[in-house]
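Following: one structure in structure tokens, then a few remarks.
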Amino acid sequence: MGVHDLLRTELTGLTPYHPDATEVPVRLDANEAPPLLSAAARARLASAAAESPWHRYPDATQTELRRAIAAWADVSPDEVVPGAGSDEVITFLLTAFSRPRSRGAPTVVTSTPTFGMYRMGARLRGFRVLEVPLTRDWRHDVPGLLRAIEVGEPHLVFLASPNNPTGTRLDRDEVARLAAAAPETVIVLDEAYVDYADASCLSLYREHPNVVVMRTLSKIGLASLRLGWLVAAWGLAAEVDKVRQPFNLSSQTQRVATVALTELAGELASTVAFVRQERARVHAALAEFPGVEVTPSEANFLWFRAPKPSSEVFERLRAQGVLVRSFHPAAGRLAHQLRVTMGTAEENDAFLERLAGILA
Ligand SMILES: *Cc1c(COP(=O)(O)O)cnc(C)c1O
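Per our numbering, the sequence shown starts with residue 52, numbered consecutively.
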């Protein structure tokens, strides 16, 4: 008997998330935006970081930041709960909505493949996790989700829309159907990539009190900041906010994010416009390769099927200095699938060139 016997049993089955640390010239594996901020914008962010007094605790109410987020997202400041990335917001939700039920462990429903933090965070806290496979064309399976909700009676349903790694998005009426069918379940709409999408379902939280929405700055050029947030109806947001540690965001993060969302909104929009343009270009180029199937994407990456095993394509790309994401350890229907983040035009060209060589 030692302290190891005191660890949560769920830890045994979990492995820590370690992004690929390989030093490569072209890194298109983490859905970060290309570094397009102007020198003036970067200088402005640096000066914003220097404005806060180093010896003071940050503003625990995050008043200025919530106002900036609210204006940016077109919601009210008291409907916003900021977190250290949407990753932290996921933990807020799993902590807040975990009241025990008589029928065993609380349940989370999500799709597969999708963003891994939902399953990881839920399992760690003792939730049961039901995963509904995406459809053949890699979309969320709404009838399948409805059945899982009926059987599993989940506390929460996590839906990335657009989905990572597939780039596919739920329509507004699909989210509305799920929300209406499950009034006693929190429908978490993760819109991490919505800036790259043709439409957002954010406003559904106004019609459906069980819908909450997550957003982040990570995918539009500010991944280092660690800022994400929840949008929820006022009463619900206030409850979730009780879970948040008062000083979860540094003064520097709060200041820099406020400046980014207000003064630099135009620069962030240019990054998004550039990436969307590259996505169309790279999609068209990829689709020309014999045997390659590209899924239409509303995110800053492309999901495609290679005519060779993804493990082989992945390793050969990496050997030639281009890192993408492969899901080959998961075999099955993912055995030929790869995800490539849109980088600079030069990086995207390097990817296309190397891939052409590998598939030739
Ligand atoms: C990258 C990603 C996130 C994580 O965002 P952070 O704000 O950086 O924590 C959340 N959801 C999805 C679907 C993602 O792909």
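C-beta: ideal position from N, C-alpha, C; glycine also.
Just so you know, these numbers come straight off a predicted model, no measurement behind them.
> Once you ignore the five residues that flank residue 496 on each side, which residues in its own chain have a CB closer than 7 Å to its CB?
Replying inline: Residue 496 falls outside the range modelled here, since the chain spans only 52 to 411, and no answer is possible.
>> With H, G and I counted as helix, E and B as strand and the rest as coil, what does DSSP make of residue 6?
In response: The requested residue 6 does not occur in the structure, where the chain is confined to residues 52 to 411.
>> For ligand 1, I want to know if residue 153 counts as a neighbour, meaning its beta carbon is within less than 8 Å of at least one of the ligand's heavy atoms.
In response: Locating residue 153 in the sequence shown gives position 102, counting from the first residue. For residue 153, the shortest separation between its Cβ and any heavy atom of ligand 1 does not lie below 8 Å.
>> Three Cβ pairs or more, each shorter than 8 Å: is that satisfied between the stretch 177-184 and the stretch 226-234?
In response: With a cut-off of 8 Å, the stretch 226-234 and the stretch 177-184 do not count as touching, because too few Cβ pairs lie within range.
> Going by Cα to Cα distance, which pick from 353, 303, 52 is closest to residue 104?
Replying inline: Taking the first residue of the sequence shown as 1, we reach residue 104 at position 53. Taking each of 353, 303, 52 in turn and checking the Cα distance to residue 104, the smallest one comes out for 303.
>> Quick check: the Cα distance between residue 313 and residue 378, rounded to an integer number of angstroms?
In response: The residue you call residue 313 lines up with position 262 of the sequence shown. The residue you call residue 378 lines up with position 327 of the sequence shown. In a straight line, the C-alpha of residue 313 is about 38 Å away from that of residue 378.
> Counting along the chain, where does the alpha helix (DSSP H) carrying residue 200 start and finish?
Replying inline: For the purposes of this step, residue 200 is taken as the residue at position 149 of the sequence shown. Per DSSP, residue 200 belongs to the alpha helix (DSSP H) from 193-203.
>> Within the continuous beta strand (DSSP E) that includes residue 241, where are the two ends?
In response: Numbered from 1 along the sequence shown, position 190 holds the residue referred to as residue 241. Per DSSP, residue 241 belongs to the beta strand (DSSP E) from 237-241.
> Would you call the stretch 269-282 and the stretch 315-326 touching, i.e. three or more CB-CB distances under 8 Å?
Replying inline: Below 8 Å, enough C-beta pairs join the stretch 269-282 and the stretch 315-326 to call them touching: three or more.
> In three-state terms, what does DSSP make of residue 309?
Replying inline: Reading the sequence shown from its first residue, position 258 is the one you call residue 309. Looking at residue 309 - three-state DSSP - the assignment turns out to be helix.
> Taking 8 Å as the cut-off, is the CB of residue 270 close to at least one heavy atom of ligand 1?
Replying inline: Position 219 of the sequence shown, counting from 1, holds the residue named residue 270. Checking every heavy atom of ligand 1 against the Cβ of residue 270, one is found closer than 8 Å.
> Under 8 Å from any heavy atom of ligand 1, does the C-beta of residue 393 make it?
Replying inline: Along the sequence shown, one-based indexing puts residue 393 at 342. Annotation for residue 393 indicates a beta carbon at 8 Å or more from all heavy atoms of ligand 1.
>> Just to confirm my understanding: we take residue 168, look at its own chain, exclude 5 residues before and 5 after, and list those with CB closer than 7 Å. What are they?
In response: Taking the first residue of the sequence shown as position 1, residue 168 is located at position 117. Take residue 168, set aside five residues on each side of it, and the residues of its chain with a beta-carbon closer than 7 Å to its own are 138, 141, in chain order.
> If you scan the stretch 117-183 from start to end, which runs of the beta strand (DSSP E) of 3 or more residues do you find wholly inside it?
Replying inline: Counting only runs of 3 or more, we get 131-134, 158-163.
>> One question on the structure: do residue 350 and residue 248 come within less than 9 Å of each other, judged by their Cβ atoms?
In response: For the purposes of this step, residue 350 is taken as the residue at position 299 of the sequence shown. For the purposes of this step, residue 248 is taken as the residue at position 197 of the sequence shown. Result yes, Cβ atoms of residue 350 and residue 248 sit closer than 9 Å.
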